[in-house]
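Counting in our numbering, the sequence shown runs from 1170 upward without gaps.
Notes to accompany the following structure.
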Amino acid sequence: MARLDRGPRMTELPQADVAAVKKPAMVLGGNLDYQDFFENGAIALHLVSADGLILHANKAELDLLGYPAEDYVGRHITEFYPDRDVITNILSRLSRGEQIARYPARLRARDGSIKHVELTSSGHFRDGKLVNTRCFTVDVTDLERTRTELRQQDNAYHQILDGLPVAIYTTDQNGIITYYNRAAADLAGREPQVGKDKWCVTFKLFTTDGKELPHDECPMAVALKENRPVRNQQAIAQRPDGSFFPFMPYPTPLRDEQGGLVGAVNMLLDLTDRQRAEETRQHLSAIVESSFDAIVSKDLNTIIKSWNRGAEKLFGYTASEAIGKSVTMLIPDDHQDEEPRILERLRRGERVDTYETIRRRKDGSLVPVSLTISPVRNATGQIVGASKIARDITSARENEQRIRMLMREVNHRVKNQYSVILSMIRETNKRSETPKQFEAQVRQRIMALSRSHDLLVSADWKGATIRELLAAQAQPFPRGEMIDMSGPSFVLGPNAVQYLGIAFNELATNSAKYGVLSGDDGQISVTWNISGSGTSRLFHLTWAETDGPQVTTIRQGGFGTVVLERVAPEAVGGRGNLEYGSHGITWNLEAPLAGLDRSVANQD
1170 MARLDRGPRM
1180 TELPQADVAA
1190 VKKPAMVLGG
1200 NLDYQDFFEN
1210 GAIALHLVSA
1220 DGLILHANKA
1230 ELDLLGYPAE
1240 DYVGRHITEF
1250 YPDRDVITNI
1260 LSRLSRGEQI
1270 ARYPARLRAR
1280 DGSIKHVELT
1290 SSGHFRDGKL
1300 VNTRCFTVDV
1310 TDLERTRTEL
1320 RQQDNAYHQI
1330 LDGLPVAIYT
1340 TDQNGIITYY
1350 NRAAADLAGR
1360 EPQVGKDKWC
1370 VTFKLFTTDG
1380 KELPHDECPM
1390 AVALKENRPV
1400 RNQQAIAQRP
1410 DGSFFPFMPY
1420 PTPLRDEQGG
1430 LVGAVNMLLD
1440 LTDRQRAEET
1450 RQHLSAIVES
1460 SFDAIVSKDL
1470 NTIIKSWNRG
1480 AEKLFGYTAS
1490 EAIGKSVTML
1500 IPDDHQDEEP
1510 RILERLRRGE
1520 RVDTYETIRR
1530 RKDGSLVPVS
1540 LTISPVRNAT
1550 GQIVGASKIA
1560 RDITSARENE
1570 QRIRMLMREV
1580 NHRVKNQYSV
1590 ILSMIRETNK
1600 RSETPKQFEA
1610 QVRQRIMALS
1620 RSHDLLVSAD
1630 WKGATIRELL
1640 AAQAQPFPRG
1650 EMIDMSGPSF
1660 VLGPNAVQYL
1670 GIAFNELATN
1680 SAKYGVLSGD
1690 DGQISVTWNI
1700 SGSGTSRLFH
1710 LTWAETDGPQ
1720 VTTIRQGGFG
1730 TVVLERVAPE
1740 AVGGRGNLEY
1750 GSHGITWNLE
1760 APLAGLDRSV
1770 ANQD
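Structure (structure tokens):
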């Protein structure tokens, strides 16, 4: 617009001369070149008098706002600004001779819609007096809409992270903290300074052997400096108040679409409760093993689950001889009616205190004992068995305090599932690109584990058939009921139910994304059989997809592959093989029968 000042002079117009205002030739001094440049330029442009009247607007400006010239030119510029303070500021600055570049504003179009624009404007002065202003208008409505969507997405992302109970924070590629959630601040015992603190949200760091760990050598720093995730490292952090907590970090680099490093995200798992639980478990285990009393745990079917050294000494059976057998082998024939009454009380949640009776040793001799029996509950509060303390009252002195609810096996299943969940979290975190994806995948896999757990609970942890397990894991998926199953009736043990349940979930998930369950064509066939005899019997299972959609996007090496080829097979002592075909996948599992159902394997 600076060239306009060097061309023919603009005609100064009286404010009331609206007719003259609407004639571009008068405004531009009659020069047709300038008139064509003004009228047909690609960028919206308008002239405003010193009094704020619109002198002229080119075609691009009128098209932008949808006004005909007669409804736009001659009106006061403030009529088109929904934000009066914005246009007031613009006019004030221009009147002082300031230039405005890419000033964000909003304009009201003829249809009532709001256009987001950026203004570049300057004033034309003559003899120190403002004559008019020239303004270029750039429509950034689509850009602003995109910015708003991004802000909303970012806000939703932060709301998700803020709601997570686990500590999470992010940094840029230089290690400067850019975000942290509430859980991170609570865990660290301090409010990190975004844009200033570097590498860690914690106050001080130490290795597990107590050596101070500089922040620039912490796992997050290593992940950024070496551009790789860091796993399986534990550390100890000190809060400003002097307290300590153990934790496990999961720093993971963040990369742009070109693979360039742009930052990192770190998740801190507080190990305080786990460490306390492990210390408690070790403490209780040591007490049980060193106790002179016989401490035995059993399920509600009278099957012995744990057997300490005191029991070995009192009854004469070793642990290997007793575990898996019925506790009734210790009860004399004339006392067999005691066990049903005890179990009935246990199922009601009652505790049997100081019950004196007679028991039978391995050599057949009888021993008077004092029993204390307590119900054992699982993590959901369900009674799953009993803990029994037996004291030989023929030689041992009565103690005022009796040991309560001591056993090694009571937490076995809970710890096993805890281990499985931690493994899923760890492996999923390795392969998740965003916290949102990580959360969704972990939730799906925990729900799959929950479905297997429901089967076991409904059967008092006796196990589940393969058909029941397949039906439960396929139920959430479209066309899951179309899976064809064929094989002998066979009950899987609890361990096999959990790990094969995870495997079936991964297979069904993959099929729902890429395979037969994603469309209307194809067939899934699951077959199994048992070969061999005696203790060498083998279990064979095949999941095969045929005639499905052509698979071109199966992600090999993901968590599902790890589960199918390593985790699930190894859990049952077998081998797994995953084959990728153009129209589906085939998974083969071969395992010793004893690894899936010990009771069936031991029948021979």
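By construction, the Cβ of each residue, glycine as well, lies at the ideal position given by its N, Cα and C atoms.
Here P1383 carries a coil assignment [DSSP, helix/strand/coil]. Between T1755 and I1652, the alpha-carbon positions lie close to 14 Å from each other.
Looking at the DSSP output, D1341 bridges to G1432. Comparing C-alpha distances from L1437 to each of E1386, L1430 and D1355 shows the shortest one belongs to D1355. G1479 places its beta carbon less than 8 Å from that of I1464. If you draw a 10 Å sphere on the C-beta of Q1362, you find fewer than 16 other C-beta atoms in it, and that means exposed.
Its chain contains R1744, G1745, L1758 and A1760 as the residues whose beta carbon lies nearer than 7 Å to that of P1738, once the 5 sequence neighbours on both sides are disregarded; these appear in chain order. Counting only residues of its own chain and dropping the five nearest sequence neighbours on each side, D1280 has a CB closer than 8 Å to the CB of G1235. In the three-state scheme derived from DSSP, where H, G and I count as helix and E and B as strand, Y1419 is classed as coil. Going by DSSP, V1731 is part of no beta strand (DSSP E) but of the alpha helix (DSSP H) stretching over F1728 to V1731.
Restricting attention to beta strand (DSSP E) runs no shorter than 3 residues, the segment 1365-1411 encloses them at 1373-1375 and 1404-1407, ordered along the chain.
By the criterion of a C-beta distance shorter than 6 Å, T1711 is surrounded in its chain by T1696 and N1757, once the five residues flanking it on both sides are discounted.
Using a 10 angstroms sphere on the CB of D1366, the tally of other CB atoms reaches 16 or more, which defines it as buried. Between the C-alpha atoms of F1659 and I1635 there is a straight-line separation of about 7 Å. Secondary structure of N1350 (DSSP, three-state): coil. In this structure, A1677 sits near A1643, with a CB-CB distance shorter than 8 Å. Here the C-alpha atom of D1425 lies approximately 6 Å from the C-alpha atom of V1431.
The alpha-carbon separation between A1713 and G1753 amounts to approximately 7 Å. For D1240, the enclosing alpha helix (DSSP H) covers residues A1238 to Y1241.
For Q1692, the pairing in a beta bridge is given by DSSP as T1715. Contact annotation, I1269 with L1288: C-beta distance approximately 6 Å; criterion of less than 8 Å satisfied. In the DSSP assignment, M1651 falls outside any alpha helix (DSSP H) and carries neither an H nor an E. In the three-state reduction of the DSSP assignment, L1758 falls in the strand class, which pools E and B.
Judged by DSSP secondary structure, K1298 falls within the beta strand (DSSP E) whose first and last residues are K1298 to D1308. Per DSSP, the unbroken beta strand (DSSP E) holding L1535 starts and ends at L1535 to R1546. Within the DSSP secondary-structure output, D1468 pairs in a beta bridge with G1554. Under DSSP, the beta-bridge partners assigned to F1294 are L1299. Within the same chain, A1392, L1393, N1396, R1397, P1398, L1430, G1432 and A1433 come within 8 Å of P1422 by CB-CB distance, once the 5 residues on both sides are set aside. Residue environment analysis places E1525 among the exposed positions, since fewer than 16 neighbouring C-beta atoms fall within 10 angstroms of its C-beta. Distance between V1309 and H1285, taken at the CA atoms: about 5 Å.
If you check the CB distance, R1359 and F1372 come in under 8 Å. Closest in alpha carbon position to N1343, among L1319, V1307, M1389 and T1302, is M1389. If you draw a straight line from the Cα of M1417 to the Cα of I1346, it is about 19 Å long. For V1286, the secondary structure class from DSSP, reduced to helix, strand or coil, is strand. I1527 has P1537 as its beta-bridge partners, per DSSP.
DSSP places I1269 in the uninterrupted beta strand (DSSP E) bounded by I1269 to R1277.
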